[in-house]
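All letters in the sequence shown, in the order written, are residues 1 to 225 by UniProt numbering. Note that beta-carbon positions come from the ideal geometry of N, C-alpha and C, so glycine has one too. A short worksheet on the structure shown next.
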Amino acid sequence: MDLSPVTAAASAVAAGVGQATATWDTSHLVALAAALGWASGLRLYAVVFLTGLAGRLGWVPLPEGLQLLQQPLVLGVAGVLLVVEFLADKIPWIDSAWDAVHTVIRIPAGAALAAGVMGADAGQWQLIAALLGGTLAATAHVAKATTRAAVNTSPEPFSNIALSLLGDAAVPAMLWMAWSHPGWFLMLLTLVVMVMAVMTVMLMRFARRAFGRVRQMLSPAAAQA
């Protein structure tokens, strides 16, 4: 059986993918690194699974530093954890506990994924990408954890579920936009990060004031009054 046509076709596809990766411009690389870092702060396992799946199916030619995500074992583990995270994020207080545990996971993972965009031979650019990815992952994670903790004080569960679904939709949308429209993505991400920072500061101040009021109510002086 002559397999030369199949071999030739496979070689052509591989050459095309390699050429596409090699011709990535700076805006694409920066946008992808920023997207992976930011999205990891919200849905780490969705980022790993979707990125790896896109690479494996040939939708996006992944940089060499991210090709490990295409492996079946990585996709399988990420897929299982994605389902667990999807369910845990819909349950009040369980979501906050999940966020607390993942404080030490999402941020370094976001830095590692962003660094993988540049590759091991990129030198200082890999370090810059890691710092960018880690910072964006931390910003997204803190904003998410703070917002969800504040919403959990409400007795109704619908706000919690709505915010969770918003995060589920935002991650694939932002990843797609980073690849398809890197310039627009970077402008949108700048706005999103600014909004997240303002919301985090406002909610933290609210939390401190609420805690102070509770402490005053429980103080001996208030009890005597």
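### Message
Between residue 48 and residue 136, how many whole angstroms is the CB-CB distance? I'm expecting something under 8 Å.
### Response
Wrong, their Cβ atoms sit about 16 Å apart, outside the cutoff.
Next on the checklist: Check for me: the alpha helix (DSSP H) holding residue 85 runs from which residue to which?
Outcome noted: Secondary structure note for residue 85: its alpha helix (DSSP H) is the uninterrupted segment 72-88.
Legend entry - Three-pair Cβ contact test at 8 Å for the segment 92-106 versus the segment 57-74: No contact exists between the segment 92-106 and the segment 57-74.
*Does the separation of the CB atoms of residue 129 and residue 115 fall below 7 Å?*
yes
Going by other Cβ atoms of all chains shown within 10 Å of its Cβ, with 16 needed for buried, is residue 185 buried or exposed? Buried: at least 16 other Cβ atoms inside 10 Å.
Worksheet item: By Cβ distance, which residues of its chain are closer than 6 Å to residue 51, with the 5 residues on each side in sequence left out?
Response: If you ignore the 5 residues before and after residue 51, its C-beta comes within less than 6 Å of the C-beta of 69, all in its own chain and listed in chain order.
Grouping DSSP H, G and I as helix and E and B as strand, with all else coil, what is residue 65?
helix
Practice problem: Report yes if the CB atom of residue 33 is closer than 7 Å to the CB atom of residue 189, and no otherwise. | Solution: no
- Item | Pair within 7 Å by beta-carbon distance, residue 81 and residue 45 | yes
Inter-residue spacing [alpha-carbon to alpha-carbon] between residue 26 and residue 157:
43 Å
Determine whether the beta carbon atoms of residue 42 and residue 140 lie at a separation below 7 Å. yes
Does the beta-carbon distance from residue 162 to residue 200 come in below 7 Å?
-> no
**Request:** Could you name the residues of the same chain whose beta carbon sits closer than 7 Å to that of residue 228, not counting the 5 residues immediately before and after it, in chain order?
**Result:** Examination of residue 228 is not possible in this model, given that the chain is present from 1 through 225 alone.
Measure the alpha-carbon distance for residue 165 versus residue 174 and round it to whole angstroms. Distance between the alpha carbons of residue 165 and residue 174 is about 14 Å.
Local Cβ density within 10 Å of residue 191, reported as buried at 16 or more and exposed below that: Per the 10 Å Cβ criterion, exposed.
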